[in-house]
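Structure record follows, encoded as structure tokens.
There are 2 protein chains.
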Amino acid sequence: MPKLGMEPIRKAALVKATIVEIGRAGSLDVTVSQIAKRAGMSAALAHHYFGSKEDIFLAAMRHILAIYGAEVRGALAAVDGPKPRLQAIIRASFSAGNFRKETVSAWLNFYVLAQTVPEARRLLRLYQRRLQSNLVHCLRPLVGAHAGRVASGIGALIDGVYLREALKGEAPDSASAVATVLDFVAAELKEKTA
Amino acid sequence: MPKLGMEPIRKAALVKATIVEIGRAGSLDVTVSQIAKRAGMSAALAHHYFGSKEDIFLAAMRHILAIYGAEVRGALAAVDGPKPRLQAIIRASFSAGNFRKETVSAWLNFYVLAQTVPEARRLLRLYQRRLQSNLVHCLRPLVGAHAGRVASGIGALIDGVYLREALKGEAPDSASAVATVLDFVAAELKEKTA
DNA sequence: CTTTTTGTTGATTGACGAGTCAATAAACTT
DNA sequence: AAGTTTATTGACTCGTCAATCAACAAAAAG
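Just so you know, the protein sequences line up as chains E and A, in that order. No gaps in the numbering here: position 130 of the first sequence is 130 in full-length UniProt numbering, and each next residue is one more. No gaps in the numbering here: position 88 of the second sequence is 88 in full-length UniProt numbering, and each next residue is one more.
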């Protein structure tokens, strides 16, 4: 009983299922059958909508990135002024959702993918550029010409703190992650404006 | 013509070959046959010396960690005083060898492994604790009670900068990576000692 | 010199998995 | 109503790969 217009629904279900399965496996060692099953369809249908497994992974990566982007935009819309905006970006980067094991696994594996799959690398760079540009925008009024350099530092620190917190073993602590980055920001602001 | 005492030689060759193959593939999607072939032996022999593929990966991880540890120790032995020691650690973390594609791939994939393989997680934590302890040792005389917190920041920043530099696409720039971290250190020192 | 230990591999097993295809069925078009 | 497009799947192909085993070779031990 084929209803029409299934494509977007099926694709969305597959993307969601892919992320769950990557979380379960902790790696990209996930079969199309597993994904399809979790999404409630046959493996053949998954191949029908996405051409290949790699395409499925890339769609999942886009989805993760889109969610993160939306989270940041949402947080930014709610506040005003350079410093609060900076805090909003940082908090969004360490939101509870980002520490769910599926999300962590997705990010780690996307780093791995970015080494060899050009489209994955492109997407990762897109994320990095957007973060950089958001940060620079907040930092310009605070540290002027230093904005670029400081933003690079904050961006890298966010990634590094995330990595450590995610792999810590115990339940990750968003608050302390945010605090670590804010501590850095405070130090830089004091120095670059002195 | 079986010479005796082959075990350590074979194992070392396999570990080396494993790292090369991981670099080539960019992932852990590497067959035991590929590894064994590159190491100049049959796949069966690889299974004979290491019980399983996972054991081979863990041995490779230990090797990478050991090299990094040795690099840091070597750099530390050559200098004296807190600040130079700090610089030595940071420089060692961004040495050219660490940006070889095999090494990058190994690290990224070890992060992935650390999610699910207990021994991998253990090794990663060992690395993090050692770095932390090295940093705290340098920082104590500089920032006293803040040493722990500052060390966490530096450690995370090192990982984050490494990640970004490694995945940048263009040839990674050790000097600017070091500079980014040192910039952070300078800011923190100024603040925490003021 | 024969028994045990160590080194070594080709062949095999047993399982799994990506991607294709042919076939079925319902909807939409003309 | 005939033809086309979209949805859907079971079965199949073709390949791969981790791990095991039986067998052979050489050195050391007794």
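We put the beta carbon where it would ideally sit given N, CA and C, even for glycine.
For residue i versus residue j, is the C-beta spacing smaller than 9 Å?
i              : j              : result
Y68 (chain E)  : S93 (chain E)  : yes
S174 (chain A) : S95 (chain A)  : yes
R62 (chain E)  : A39 (chain E)  : no
C138 (chain A) : R85 (chain A)  : yes
V15 (chain A)  : I56 (chain A)  : yes
L167 (chain E) : R164 (chain A) : no
K3 (chain A)   : V32 (chain A)  : no
L126 (chain E) : I89 (chain E)  : no
K192 (chain E) : A66 (chain A)  : no
L58 (chain E)  : E119 (chain E) : yes
What's the call for residue i, buried or exposed, on a 16-neighbour Cβ count within 10 Å?
i              : result
G51 (chain E)  : exposed
M27 (chain E)  : In the sequence on display, residue 27 (chain E) carries Ser and not Met. Buried is the call here.
R129 (chain E) : exposed
D80 (chain E)  : exposed
P8 (chain A)   : exposed
A60 (chain E)  : buried
A46 (chain E)  : buried
Going straight from the alpha carbon of residue i to that of residue j, what length do you get?
i              : j              : result
A44 (chain E)  : A25 (chain A)  : 27 Å
H146 (chain E) : D159 (chain E) : 20 Å
Y162 (chain A) : A177 (chain A) : 7 Å
V181 (chain A) : L189 (chain A) : 12 Å
E102 (chain A) : I19 (chain A)  : 6 Å
V17 (chain E)  : A36 (chain E)  : With the sequence shown as reference, residue 17 (chain E) is identified as Ala, and Val is not the correct amino acid for it. A17 (chain E) and A36 (chain E): Cα-Cα distance of roughly 7 Å.
W107 (chain A) : E170 (chain E) : 21 Å
R149 (chain A) : N134 (chain A) : 13 Å
N98 (chain E)  : A151 (chain E) : 21 Å
G23 (chain E)  : A13 (chain E)  : 15 Å
D183 (chain E) : G5 (chain E)   : 50 Å
M41 (chain E)  : V30 (chain E)  : 16 Å
Could you pull out every residue in the same chain whose Cβ sits closer than 6 Å to the Cβ of residue i, ignoring the five residues on either side in sequence?
i              : result
Q34 (chain E)  : E21
L124 (chain A) : A114
M1 (chain A)   : No answer about M1 (chain A) holds up, because its pLDDT of 47 lies below 50 and its placement is not dependable.
Which residues in the same chain as residue i place their Cβ atom closer than 7 Å to its Cβ, once the five residues preceding and following it in sequence are excluded?
i              : result
V185 (chain A) : L86 and I154
P141 (chain A) : P82
A156 (chain A) : none
V136 (chain A) : A147, G148 and A151
Which same chain residues end up closer than 8 Å to residue i when comparing Cβ atoms and leaving out the 5 residues on each side of it in sequence?
i             : result
I64 (chain A) : I19, T103, A106, W107 and F110
Y49 (chain E) : E7, R10, K11 and L14
Quick one, which residues of the stretch 107–120 of chain E are near chain A if we go by CB-CB under 7 Å, in chain order?
L108, N109, Y111, V112, A114, Q115 and T116
What are the residues in the stretch 130–154 of chain A lying within 8 Å of chain E by C-beta distance?
R149, S152 and G153
Check each residue of the stretch 154–167 of chain A: if its Cβ is closer than 9 Å to any Cβ of chain E, include it; give the result in chain order.
G155, A156, L157, I158, D159, G160, V161, Y162, L163, R164, E165, A166 and L167
Along the stretch 16–33 of chain A, where does the CB come closer than 7 Å to a CB of chain E? Name the residues.
G26 and S27
Below 7 Å between beta carbons is the criterion; list the residues of the stretch 166–181 of chain E that meet it against any residue of chain A, in chain order.
L167, G169 and T180
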